[in-house]
Amino acid sequence: MSVLLVDWLGRGGIAQTSEAWAIELSKARIKIDVITRAGRELGAGVVKVEGAAGGRGRIGAHRSVVNAAAAAVRERRPEVVVVQNYVLPFLERPLYSAAASVGARVVVVIHDHRLHSVFAGTRVGLRHQLQRADDVVVHTEFVAAAVSRFAPGASVKVIPLPVQVGVLAHHGPERPIFEVPDGDRLAVHFGILKRRYKGTQVVLDAAEAGVDGWSFAVMGVGAPPSGAVLSAPGFLDPGALRSTVEQSSATLLPYRIASQSGAVVLAQALGSVPVASAVGGLPEQISDGETGRLLPAGAPATAWRNALRDMDEPTRMAMAERARAHAWAEHGAFVDAIVALCR
Numbered sequence: 004m005s006v007l008l009v010d011w012l013g014r015g016g017i018a019q020t021s022e023a024w025a026i027e028l029s030k031a032r033i034k035i036d037v038i039t040r041a042g043r044e045l046g047a048g049v050v051k052v053e054g055a056a057g058g059r060g061r062i063g064a065h066r067s068v069v070n071a072a073a074a075a076v077r078e079r080r081p082e083v084v085v086v087q088n089y090v091l092p093f094l095e096r097p098l099y100s101a102a103a104s105v106g107a108r109v110v111v112v113i114h115d116h117r118l119h120s121v122f123a124g125t126r127v128g129l130r131h132q133l134q135r136a137d138d139v140v141v142h143t144e145f146v147a148a149a150v151s152r153f154a155p156g157a158s159v160k161v162i163p164l165p166v167q168v169g170v171l172a173h174h175g176p177e178r179p180i181f182e183v184p185d186g187d188r189l190a191v192h193f194g195i196l197k198r199r200y201k202g203t204q205v206v207l208d209a210a211e212a213g214v215d216g217w218s219f220a221v222m223g224v225g226a227p228p229s230g231a232v233l234s235a236p237g238f239l240d241p242g243a244l245r246s247t248v249e250q251s252s253a254t255l256l257p258y259r260i261a262s263q264s265g266a267v268v269l270a271q272a273l274g275s276v277p278v279a280s281a282v283g284g285l286p287e288q289i290s291d292g293e294t295g296r297l298l299p300a301g302a303p304a305t306a307w308r309n310a311l312r313d314m315d316e317p318t319r320m321a322m323a324e325r326a327r328a329h330a331w332a333e334h335g336a337f338v339d340a341i342v343a344l345c346r
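Position in the sequence shown (from 1) plus 3 gives the number in my numbering.
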């Protein structure tokens with residue numbers, strides 16, 4: 004059995020999911036090739052990828068990935084083609100035509116319940132692709148409902164979001180990137196923080212007011228400088244991300260909207276209790292008081308401060324252990340499901 008996986012952009016949470024597909028299918032002795040855009044995060048980790056280069060501008064670069072993937076399908080004739088999300092579906096048609104020409108099963112993985120705003124791409128042509136795919140994989144019932152409304156008749160399967168095993172394969176720096184005062188616990192907030200829906204201002208407000216015994220850190224693209232928080236702006240090395248989340252006691256996710264969150268999974272897997280807004284698919288990932296904390300959507304900074312203040316260490320440690328077990332159980336279900344799809 005052979006699989007060809009296409010990750011259009013090769014960065015962010017989708018790339019981490021693609022790594023998990025490649026790592027776990029390889030462990031199951033299923034041959035997998037990965038094609039993505041050249042020079043991206045996905046090619047800098049433990050998974051070997053084929054980077055498609057060339058093309059002028061974003062559309063030209065995307066067309067290069069499409070053409071490389073379609074050519075690889077026709078040449079290698081994989082039994083299964085896995086497509087991670089979409090960018091410009093009308094440009095991606097050659098890949099689907101190539102898959103049909105060699106009789107490959109097509110699995111499309113959709114990561115976003117909003118199915119793209121005009122700022123992220125377009126969904127022109129997407130409905131037809133989803134309805135014709137052999138399987139459409141999503142990671143929460145929340146996204147499944149959105150896909151089913153958009154593309155009635157699509158064969159939608161809900162599979163848990165995996166642990167970022169590619170990130171966990173990296174070693175952290177010799178020294179922590181943040182120096183925390185003795186006796187303080189660390190609350191982290193990470194991701195592409197230039198996106199306003201991440202709720203970074205809530206974290207800054209909570210840090211400004213302060214919580215006894217807690218330090219706050221923000222990290223990722225758009226992480227703002229602030230005297231109240233430790234800050235690491237820009238893309239983080241996977242090893243530094245892993246070690247910092249592992250160092251932390253809580254991960255703060257005051258999102259305004261969410262399909263699902265890889266940050267929840269990474270925090271749970273590394274023993275950092277996720278404290279998140281109860282929006283979108285997040286309540287499917289967190290059982291409040293058991294594997295993390297859920298706060299009402301739009302809760303003010305005071306509520307986030309109280310959630311940390313009320314989290315004594317024995318309670319936090321028990322929650323962290325349950326969360327870790329939950330994350331790895333969900334990962335096991337993910338592995339079983341993708342192996343079944345690709346055999």
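Glycine included, C-beta positions come from ideal geometry on N, C-alpha and C.
This structure is a prediction, so every number in the text was calculated from the model and none was measured.
In this structure, residue 39 lies near residue 18, with their beta-carbon atoms less than 9 Å apart. Taking 9 Å as the cut-off, the Cβ atoms of residue 108 and residue 78 do not count as close. Exposed is the label assigned to residue 176, since fewer than 16 other Cβ atoms lie within 10 Å of its Cβ. In the displayed model, residue 300 falls within coil according to three-state DSSP, outside both helix and strand. If you draw a 10 Å sphere on the C-beta of residue 104, you find fewer than 16 other C-beta atoms in it, and that means exposed.
Residue 51 sits in coil when the DSSP states are folded into three classes, being neither helix nor strand. For residue 141, the secondary structure class from DSSP, reduced to helix, strand or coil, is strand. Between residue 143 and residue 262, the C-beta spacing is below 9 Å. Look at the beta carbons and you see the segment 283-303 not touching the segment 230-250: under three pairs across the two are nearer than 8 Å. Ranked by Cα distance from residue 215, the first of 311, 94, 126 and 233 is 311. In this structure residue 101 is in contact with residue 76, their Cβ atoms being roughly 4 Å apart against a cut-off of 8 Å. Following the DSSP letters along the chain, one finds residue 33 in no beta strand (DSSP E), marked with neither H nor E. DSSP places residue 236 in no alpha helix (DSSP H) but in the uninterrupted beta strand (DSSP E) bounded by 233-236. The beta carbon of residue 193 sits closer than 6 Å to the beta carbons of 222 and 223 from its chain, once the five residues preceding and following it are set aside; these are given in chain order. Scanning its chain for C-beta atoms nearer than 7 Å, with the 5 sequence neighbours on each side dropped, one finds no residue around residue 204.
The continuous beta strand (DSSP E) containing residue 191 extends over residues 188-193.
Around the C-beta of residue 10, 16 or more other C-beta atoms lie within 10 Å, and the residue is accordingly described as buried. In terms of CA proximity to residue 206, 258 leads the group 164, 258 and 160. Rounded to whole angstroms, residue 156 and residue 42 show a C-alpha spacing of 37 Å. The Cβ atoms of residue 295 and residue 272 do not sit closer than 9 Å to each other.
Here residue 236 has 226 as same chain residues with Cβ atoms under 6 Å from its own Cβ, once five neighbours each way along the sequence are excluded. Shown here, residue 215 sits in coil according to DSSP, grouped into three states, outside any helix or strand. For residue 100, the enclosing alpha helix (DSSP H) has its first and last residue at 96-104. Between the segment 312-322 and the segment 129-149, the count of C-beta pairs closer than 8 Å stays below three; the two stretches do not touch. Between residue 174 and the set 49, 145 and 331, the nearest pair of CA atoms involves 49. Counting the other CB atoms within 10 Å of its CB gives residue 277 a total of 16 or more, which places it among the buried residues. The C-alpha of residue 7 lies about 46 Å from the C-alpha of residue 208. Going by C-alpha positions, residue 344 is about 23 Å away from residue 152. Put simply, of 45, 5 and 14 the residue whose alpha carbon is nearest the alpha carbon of residue 28 is 5.
Within the segment 65-91, the runs of beta strand (DSSP E) at least 3 residues long that lie entirely inside it are, in chain order, 83-87. The beta carbon of residue 250 lies closer than 7 Å to those of 179 and 189 in the same chain, with the five residues before and after it left out. DSSP places residue 339 in the helix class (H, G or I) of the three-state scheme.
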